[in-house]
Structures are given as C-alpha cells and as structure tokens.
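Here the structure comes first, spelled out in structure tokens, and everything after it is commentary.
Residue numbers (the working numbering): 180 to 407.
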C-alpha cells in the first residue's frame with residue numbers, strides 16, 4: 180500500500196472517530212453528521228496541521244483567522260435546522276470547510292470573506308470537491324449581498340457587538356440568522372428569526388468565542404484597524 184493510500188485511510192478513520200465524538204456530544208441531526216462524513220476537513224487546513232485536522236480543536240489559517248472546532252461547526256449547523264431548500268448567506272468564509280458543509284445541506288450558499296487570499300483558497304478547495312452550488316467573493320460581509328437577497332438563513336462566523344442592520348434587512352420574513360454577540364473575550368450565540376418588517380425573535384443558544392467581526396456592528400473598530 181502506497182503512502183497516499185495509507186494517509187487516506189488514516190484520515191478516513193480519524194473522520195469516523197470525529198463523527199462518533201460529535202454524536203456522543205449531542206449532535207443528532209443525521210444530515211449534519213453526513214455532511215461531516217462527506218467533506219474532508221484535512222483539505223481545508225494548512226498542510227502542517229493535516230494530522231490534527233480531525234481533532235476537536237481550532238487551527239490557525241494565517242491572516243489572524245482560524246478554522247473553528249468541528250464541534251462548533253456542528254453546533255451551528257444543527258441549530259440552523261436546515262431542510263435542504265434554503266438559500267443561505269455566510270459571513271466569514273474562512274477556510275471554506277463550513278461553507279462546504281453548508282453546500283451539502285442547502286440549495287445554494289453565498290459566502291463573503293474579507294481576506295481575499297482566504298476567499299481564493301476556499302473557492303479552490305470547494306471547486307476541487309465538485310460543489311457547484313457555492314458562490315464566494317471577497318469583501319465586507321457586514322453589508323450583506325443585496326444582489327442575491329432575501330436569504331432564508333444568514334450565518335455570521337465572527338463575534339459582533341450588535342447585528343449589522345443590512346443583514347437583518349436582507350433576511351426574508353420567517354428566515355433565521357445565527358450570530359455571536361458579545362465582547363472580545365466571549366459571546367453568546369443568538370438565533371434571530373425575522374417575524375416582520377421591524378420585528379424579530381431572539382434566542383440564545385450557547386456560549387461561544389469567535390474572532391472579532393470587522394465592519395458594521397463588529398468588535399473590530401475602525402480605530403483598531405488603523406492602528407494595526
């Protein structure tokens with residue numbers, strides 16, 4: 180057996196163990212578990228971290244960004260309660276791993292990443308896996324993507340001070356948004372359901388910690404960006 184075959188078998192075994200850990204931790208949505216089985220996480224992390232790709236830990240991507248723990252991705256995806264026909268906007272593509280997971284669960288995924296290099300890398304990985312229902316662009320995600328709105332769901336993957344108003348306006352009535360809100364040390368993951376033009380329901384799902392959101396409503400202020 181060649182080294183590539185051995186590596187592939189090893190990754191498959193590690194992925195199987197990760198899925199079992201997710202199941203034991205309370206992830207019961209079979210579609211979510213299937214998504215983790217279908218999408219190889221080791222392809223979305225820097226090669227130096229490939230051996231740790233299926234550990235439940237966040238890993239650095241460069242540019243001050245990380246790929247979240249698999250359990251965090253699973254929490255997000257299960258909380259969305261997707262049915263398969265949704266058009267979803269993701270704010271913060273990052274590695275593209277969660278984007279690929281979403282592609283197995285939604286009709287179409289639109290994803291915005293502020294770091295152009297990460298957006299290009301994620302796009303290449305997703306295209307290599309054969310997904311055709313994902314559109315990624317580089318830019319400020321806090322303004323949303325009005326061209327493709329309204330969205331059935333919006334997923335924000337960075338910690339915010341408050342909900343960026345353009346995102347709420349681009350969420351269809353009856354649609355839902357997941358967004359971490361808090362400070363730099365910790366946030367609460369909120370599920371927002373838009374119930375009317377100016378009305379919404381707000382539920383706190385879990386305590387989380389994400390990198391700071393840049394832009395409208397973000398924890399990364401203009402002064403912070405200038406000083407770096």
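Ideal Cβ positions, reconstructed from N, Cα and C, are used throughout, including at glycine.
Inset, instruction - Inspect the beta-carbon positions of residue 284 and residue 211 and report whether they are closer than 9 Å. - result: For the purposes of this step, residue 284 is taken as residue 105 along the chain shown, with counting starting at 1. For the purposes of this step, residue 211 is taken as residue 32 along the chain shown, with counting starting at 1. Yes.
Inset, instruction - Tell me whether residue 367 counts as near the ligand FAD, meaning its Cβ is closer than 8 Å to at least one heavy atom of that ligand. - result: No copy of the ligand FAD occurs in the structure displayed, which carries no ligand at all.
Inset, instruction - Determine, using beta carbons only, whether residue 275 and residue 314 come nearer to each other than 9 Å. - result: As a first step, residue 275 is located in the chain shown; it is residue number 96 there, counting from the start. As a first step, residue 314 is located in the chain shown; it is residue number 135 there, counting from the start. Against a cut-off of 9 Å, the Cβ pair of residue 314 and residue 275 comes out as no contact.
Inset, instruction - Please list, in chain order, all residues of the same chain as residue 310 whose beta carbon is under 7 Å from its beta carbon, the five residues on each side excluded. - result: Translated into positions along the chain shown, residue 310 becomes position 131. Excluding sequence neighbours, residue 310 sits near 279 and 282.
Legend entry - Those runs of the beta strand (DSSP E) which lie wholly inside the stretch 362-396 and span at least 3 residues: 366-373 and 379-387
Inset, instruction - Please go through the same chain and pick out, in chain order, the residues whose beta-carbon is closer than 6 Å to the beta-carbon of residue 405, but skip the five residues on each side of it. - result: Counted from its first residue, the chain shown places residue 405 at position 226. Confidence at residue 405 is low in this model, with a pLDDT of 30, below 50, so its placement is unreliable and no value can be given for it.
Legend entry - Per DSSP, cross-strand counterpart(s) of residue 321: For the purposes of this step, residue 321 is identified with residue 142 of the chain shown, where counting begins at 1. BP columns for residue 321 are empty, so no partner.
Legend entry - Extent of the continuous beta strand (DSSP E) to which residue 277 belongs: Within the chain shown, numbered from 1, the residue matching residue 277 stands at position 98. No beta strand (DSSP E) holds residue 277; the alpha helix (DSSP H) holding it covers 276-282.
Inset, instruction - Assign residue 232 to buried or exposed, taking buried as 16 or more other Cβ atoms, counted over all protein chains shown, within 10 Å of its Cβ. - result: Here residue 232 refers to the residue found at position 53 when the chain shown is read from its first residue. It is buried - the Cβ of residue 232 has at least 16 other Cβ atoms within 10 Å.
Inset, instruction - Answer with buried or exposed for residue 246, where buried requires no fewer than 16 other C-beta atoms within 10 angstroms of its C-beta. - result: On the chain shown, position 67 is the one that residue 246 refers to. Buried, by the Cβ-count rule.
Inset, instruction - Give the DSSP bridge partners of residue 316, in chain order. - result: Here residue 316 is taken as the residue at index 137 of the chain shown, counted from 1. Paired residue(s): 291.
Legend entry - Coil, strand or helix - residue 268 by DSSP: Sequence index remark: in the chain shown, residue 268 carries index 89 (1-based). Reduced to three states, the DSSP call for residue 268 is strand.
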